[in-house]
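Undergrad:
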Amino acid sequence: MSQHQAGPLHASRRNILQGAAALGAAAGIGIASRPGPAHAQDAARTLVIASPATPQGLDIEFDVSLGSIDALGALYDYMLAYEKMPDPKAPGVMREDIGVHGDRPNGLALRGRLAEKWDISPDGLKATFVLRQGVKSNWGNTFSARDVKWTWDRKFNLKGQGIFQTAVLGLKTPDQIKVEADHVISFSLEKPNPLLLKQQCNLANPIYDSTKLTQVGGADDPWGVQFLKNDSAGFGPYKLQQIVRGQQAVFQAREDYWDEKPFMRTVVMREVPSSASRLSLLQGGAVDIAQFLQPREYMSIGTSRTLAVDTVNASSMIWLELNAKIKPFDNVDVRRAINYAIPHDDIVKTVYYGLADKLTAPVPYIYPMADPQYFSYDLNLDKAKQLLATAGLADGFSSTISYNAGDPVQEPIALILQTSLRRIGVNVQLEKLPAGVFYENVTKREKPIIFYLDSPWTPDPGYATFLYFDDKSYVDYSNYSNPKVNELIEGGLQTLDDNERKATYGQVQKILMDEAPWGFIAYPKYALARKAKLSGFTYYTSNNLRFQDFARS
Amino acid sequence: MPEAEATTGAIAETGRTSRLATLLQVARARPRFALGYVIVLAAVLAGALAPLVAPYSPVEANPAEFLQPPSAQHWLGTDAVGMDIFSRVIYAPRIDLAIAVAGTLLSAVVGCLIGAWVGYHSRGGGLRGWLAYLVMRAADVMQAFPVFVFAIALVASLGQSVQTVVLAIAFVNIPIYLRLMRSQVMTIREMRYVEASLVAGLSDARTIARHVMPNAMGPALAQLSVNVGWSILLTAGLSFVGAGVRSPTPEWGSMIASGFQNVVTGEWWPSVFPGLALAVTVFGFSLIGSSVELFADPVKMRRLTRDLAARRRERAA
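Chains as they are written, first to last, in this note's numbering: chain A, 12 to 564; chain B, 24 to 340.
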């Protein structure tokens, strides 16, 4: 699964007014309205977050917006999870241990969640999971293998994003997932698949309470689609108390949660569309976390004693889709020339204030097997001109760069690119598209150059390269097509041997960097602005928060 | 009758001095009007001479010098991608004034023509009367929408370009001129000379063109300059919300919008200077509007020239 990271919208008077309203409301909910020691304790155990948006929907099948993915990690539990480890560069921050561990079963550092034990047959064609007993949903129903089966059947039937989850595992029919016993379930594959266990950790694969959802949906809505728009039925540490879209969502910790009870009993997610207002709320002490600020705003927190910013290397990438079906980008040399004209250092310094690194591979640099050695596109305008001449465009050409008005970093990047490209004779017009129209344009693949910011949630080079570069993928938005690359990517997704996979994906990355289907820009870091006394932030490759991670000292 | 005498005296006084001299006297008596003309002239000159005066290219990013505060090198500082704000501020009138003037003129021409036709036929029956009625109701509908929302919707549906912004401005302004012209024409329509023209055998169209419109233009002309100022604001507003001209075209509204995010972190200059330029220019147009209103109002004008004459007499005595 990939995620569209719609950045905070630019500020308007309306946004500021909303921010001001949120200030009052957040203060009221969090602290001010509850005096006395008992209430002080309540306030300490209430987490107030200023978010760009409240969850649009609560069903991952149809919605992966920012608020929704934060809600998902709190409301649902998963079969497996990666073990946590301290972030090597950010003190106090934890992250998933997604590396290759030759000494561990299946080469992965996994821990059981709803699955207690798991085993993959020697031929790699069958995985069996023994499930945890005594787990209750937020509706009091007991977890069993039927819930897992129902969850995957739902993907097959609804054909939303879940159908991608089934396809990536090579699952063709629901019969391949079988209830072996009340608490045992198996997945049978036609070919070995290195993603089978990794996908069980993916945020897009939460396990549903099938008893509740079949009950509420009835015959009209057997998969509980209507119910899940505004409520949840899962086995996670929180339940939804209230959702008023555009205003706030409130989550309550569950007393009957099977694992460690979360420190934060109540979580209030307030919608504050303007990043400047979110920062003001944090500075004023009205909220504990201000999400998705702009790079300059993170820097402004800098030396504050009461506030802190955690910055970690992340799975996000920002690039230009150079449309291989639109002239002159069908010519490899033109795509290479564009890459040689990208002033990475200027962009990282001026636009991101150092909160990014240059994009040196076609997969996230934090993922196993990512290899930056094939990157050769440091700024070189002479080489770019030379390549244009080779392509028969010595006099340059004109084109358009389309960017997302909802992401405040894209316009400055586009302006810097425009100036740099002008120097090699390429005159680009900038086209600012409102967020909704922008994504429509990306998927239509009719723009010559369009920005894209995304992150492949599963930390695997096969998953990431399949998403963006296999011409069978719906996310191959640059229209890139190379049968050799398809063959390699798909071959790597059918072997469990990590050494073989490393060699395969090394080759894939080499070809991709050489053929430059993208204008490689940057790896933006994930940053979290919070009160200094708030601890526990854990970074996930799905770039969402999990409220259960946080505590207050 | 002292009032009549005074009026006659004032007219006689006006008659003795040339028009230019009267203008100068008015300018001396009401210096704020002069200020309006000076401001607008300055904005026009800034736009016209920008290529000669601007120290830097207004569309060239220079990441090495981003967000520099005002200094000897960059008089008004630089923005988030290192563009020189002074250069952009003085280039901006080229776009802002051009869009506003073009949009306003277009709306005035179209609005006045339709208004004249509607006014001429408003009191008539038949198909034309009905059509006139329908046009007025359509204008009601247009004016019932908040102007800004209406303009955003137009730009969103027609696509983002300078021409579209001009069209949007023209479109939202048309009902204003239409109404002004209609009410004037409805009065003039009853005049004897119009009747005479028709009796003499001129067609409706020629009567409107030769005898009605020239006599009904006064209020519409007075509205023009006020409208230009207001259109500059609308242009900037559209750009501020991202529906105006394309980046990096130097334009005050988009400069304010892109600089706005830096204000909260202490870099006020990318937003404040274009904001000041915008405010001062709109103020200038509003002063000109007031002066035109004065010139177009015979009663006020008579009173003023009378006062001026009285003052002159006092000085002479």
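Note that CB positions come from ideal geometry on N, CA and C, so glycine has one too.
#1: Taking a Cβ distance cut-off of 9 angstroms, strictly less, list which residues of the segment 352-381 of chain A are near chain B, in chain order.
#2: List the DSSP bridge partners of K189/A.
#3: Pull the bridge partners of S184/B from the DSSP assignment, please.
#4: Where does the unbroken alpha helix (DSSP H) through K223/A begin, and where does it stop?
#5: I'd like to know whether the C-beta of F89/B is nearer than 8 angstroms to at least one C-beta of chain A.
#6: Using the three-state DSSP reduction, which class does R289/A fall into: helix, strand or coil?
#7: Does G145/A pass the burial test, meaning 16 or more other C-beta atoms within 10 Å, or should it be called exposed?
#8: For E282/A, tell me which candidate among Y450/A, Q67/A and L125/A has the shortest Cα-Cα distance.
#9: Using a Cβ distance threshold of 8 angstroms, determine whether the segment 448-460 of chain A contacts the segment 293-311 of chain A, with at least three qualifying pairs required.
#10: Could you give the distance in angstroms between the alpha-carbon of P535/A and the alpha-carbon of T162/A?
#11: Which bits of chain A does E83/B rub up against, with CB to CB less than 7 angstroms?
#12: Taking CB distances under 8 angstroms as the criterion, tell me whether Q186/B reaches chain A.
#13: Compare the C-beta of N285/B with all C-beta atoms of chain A and state if any pair is closer than 8 angstroms.
#14: Interface residues of chain A around V104/B at Cβ under 7 angstroms?
#15: Just checking my contact of L58/A with I71/A at CB under 8 angstroms: how many whole Å lie between their CB atoms?
#16: With distances taken from CA atoms, which of S489/A, W129/A, K521/A and V279/A is nearest A297/A?
#17: Return the first residue and the last residue of the beta strand (DSSP E) that P535/A is part of.
#18: Opposite M105/A in the DSSP bridges: which residues?
#19: What does the Cβ neighbour count give for N438/A, buried or exposed, with the cut at 16 atoms within 10 Å?
#20: Do the CB positions of L333/A and S489/A come within less than 8 angstroms of each other?
#21: Residues of the segment 288-316 of chain B in Cβ contact with chain A at a cutoff of 9 angstroms, in chain order, please.
#22: Cβ closer than 8 angstroms: which chain A residues qualify as neighbours of G265/B?
#23: At a cut of 8 angstroms, does the segment 257-275 of chain B reach the segment 114-123 of chain B through at least three beta carbon pairs?
#24: Check distances from the C-beta atoms of the segment 241-274 of chain B to those of chain A and list, in chain order, the residues that come in under 7 angstroms.
#25: Output, in chain order, the set of chain B residues within a Cβ distance shorter than 8 angstroms of P419/A.
#26: Do the segment 105-116 of chain A and the segment 74-88 of chain A touch if we need at least three Cβ pairs shorter than 8 angstroms?
#27: How about S180/B: is its C-beta nearer than 8 angstroms to some C-beta of chain A?
#28: Can you tell me the Cα-Cα spacing of P116/B and S315/A, whole angstroms?
#29: Less than 8 angstroms between CB atoms is the rule here; does E451/A satisfy it with respect to chain B?
#30: What span of residues does the alpha helix (DSSP H) with S79/A cover, start to end?
#31: If you follow the alpha helix (DSSP H) that I62/B is in, where does it begin and where does it stop?
#32: Determine the chain A residues that contact P169/B at a beta-carbon separation under 9 angstroms, and present them in chain order.
#33: Quick check on the DSSP output: the alpha helix (DSSP H) that includes G473/A runs from which residue to which?
#34: With a cut-off of 8 angstroms, does the C-beta of P54/B fall near any C-beta of chain A?
#35: Within the chosen definition, does the segment 98-113 of chain A reach the segment 377-386 of chain A through at least 3 CB pairs nearer than 8 angstroms?
#36: Three or more C-beta pairs closer than 8 angstroms, one from the segment 80-90 of chain B and one from the segment 422-436 of chain A: is that the case here?
TA: Well, looking at it:
#1: For the segment 352-381 of chain A, which is checked against every Cβ of chain B, the residues closer than 9 angstroms are P354, D356, D357, I358, K360, T361 and V362.
#2: S197/A
#3: Paired residue(s): none; S184/B is not in a bridge.
#4: Its alpha helix (DSSP H) spans residues S221 to G228.
#5: yes
#6: helix
#7: exposed
#8: Q67/A
#9: No, they do not touch.
#10: 33 angstroms
#11: T430
#12: no
#13: yes
#14: In chain order: T361, P423, L426 and I427.
#15: Contact flag wrong, Cβ pair sits at about 22 angstroms.
#16: V279/A
#17: Counting along the chain, the beta strand (DSSP E) containing P535/A begins and ends at W529 to P535.
#18: P97/A and T549/A
#19: exposed
#20: yes
#21: T288, G289 and E290
#22: H21, A416, K443 and P445
#23: yes
#24: V264, G265, R269, S270 and P271
#25: Q284
#26: no
#27: Any Cβ of chain A closer than 8 angstroms to the Cβ of S180/B would place that residue at the interface, and such an atom is absent.
#28: 42 angstroms
#29: Judged by the 8 angstroms Cβ criterion, E451/A is not in contact with chain B.
#30: L77 to L86
#31: P54 to V76
#32: Within chain A, no C-beta atom comes less than 9 angstroms from the C-beta of P169/B; the nearest is roughly 13 angstroms away.
#33: Boundaries of the alpha helix (DSSP H) around G473/A: P472 to F480.
#34: no
#35: Taking 8 angstroms as the limit for Cβ pairs, the verdict is that the segment 377-386 of chain A does touch the segment 98-113 of chain A.
#36: Cβ pair count under 8 angstroms is three or more, so yes.
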